[in-house]
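In what follows, a structure is listed as structure tokens, so that the remarks can point back to it.
Residue numbers (my numbering): 18 to 222.
Next up, the structure:
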């Protein structure tokens, strides 16, 4: 697949990604809670962790401090997202000494219980919830990448951005787009190729 085809594929997928994002956000996880509210809660907790600068001994009990120490000693990274965190803790537990392994497995169980509680009576359980959250994060990253590239393209070449948006995101026919831009078919084809190459550059930055 060449660069132009790859750009077209991404732009054509834009509306589908937006629709999928909205669908995931509305999925119930039990007790009147939706995926969207769980995801927002995750982001608020992340913000709280960033803002919270006091030493951990001031808000963790002795056992929790032991869990924290074991995590810091064995985790090679501290990923964002519950699924990634759970996977990293379980991986670390498999490579730790017996004492720390016990602590890390306890930490993994605590993460599972939190997600399980959020899942409530949802048939797919906590694994399904964290899968939804992970997919939602992936979709947001893809949409953000496209949005930023299109915004940069609009700043430099507004006519190119409009051409790509109308033709591929909105799905309008080529003759309609050419008419909207006030250009002939030959110019449309030339602009389309140049617009695709410019967008590739912005997506690669």
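Positions of the beta carbon are idealized from the N, C-alpha and C atoms, including for glycine.
In this text the structure is predicted, and so the values were computed from the model without any measurement.
Who are the Cβ neighbours of residue i in its own chain at under 7 Å, not counting the five residues just before and after it?
| i | result |
| --- | --- |
| residue 24 | 213, 216, 217 |
| residue 185 | 25, 28, 29 |
| residue 44 | 51, 52, 149 |
| residue 189 | 183 |
| residue 110 | 118, 121, 122, 125 |
Along the alpha helix (DSSP H) that carries residue i, what are the first and last residues, could you check?
| i | result |
| --- | --- |
| residue 183 | Residue 183 -> no alpha helix (DSSP H), and no H or E assigned at all. |
| residue 212 | 202-221 |
| residue 80 | 79-91 |
| residue 193 | 191-198 |
| residue 42 | 31-42 |
Would you say residue i reaches chain B, if we count a Cβ-Cβ gap shorter than 8 Å as a contact?
| i | result |
| --- | --- |
| residue 89 | In the structure shown, chain B cannot be found, because there is only a single protein chain. |
So is residue i buried or exposed if we call it buried at 16+ other beta carbons inside 10 Å?
| i | result |
| --- | --- |
| residue 91 | buried |
| residue 36 | exposed |
| residue 14 | Nothing about residue 14 can be reported from this structure: the residues present for the chain run from 18 to 222 only. |
| residue 68 | At residue 68 the pLDDT is 39, less than 50, meaning the model places this residue with poor confidence and gives no usable figure here. |
| residue 117 | buried |
| residue 187 | exposed |
| residue 114 | exposed |
Spatial neighbours of residue i within its chain, please: CB distance less than 8 Å, with the 5 preceding and 5 following residues excluded, ordered by chain position.
| i | result |
| --- | --- |
| residue 205 | 180, 191, 194, 195, 198 |
| residue 163 | 27, 28, 31, 220 |
| residue 173 | 215 |
| residue 112 | 91 |
| residue 203 | none |
| residue 106 | 88, 92, 121, 124, 125, 128 |
| residue 201 | 195 |
Just to confirm, does residue i get its C-beta within under 7 Å of one of the non-hydrogen atoms of the ligand COA?
| i | result |
| --- | --- |
| residue 26 | What this structure holds is no ligand at all, so the ligand COA is not there to describe. |
Would you say residue i and residue j are within 8 Å of each other, going by their C-beta atoms?
| i | j | result |
| --- | --- | --- |
| residue 168 | residue 208 | no |
| residue 129 | residue 153 | no |
| residue 149 | residue 41 | yes |
| residue 157 | residue 38 | yes |
| residue 165 | residue 34 | no |
| residue 21 | residue 161 | no |
Determine which residues share a DSSP beta bridge with residue i and list them.
| i | result |
| --- | --- |
| residue 45 | 51 |
Using C-beta distances below 6 Å, list every residue in its chain close to residue i, excluding the 5 sequence neighbours before and after it, in chain order.
| i | result |
| --- | --- |
| residue 84 | 120, 124 |
| residue 171 | 178 |
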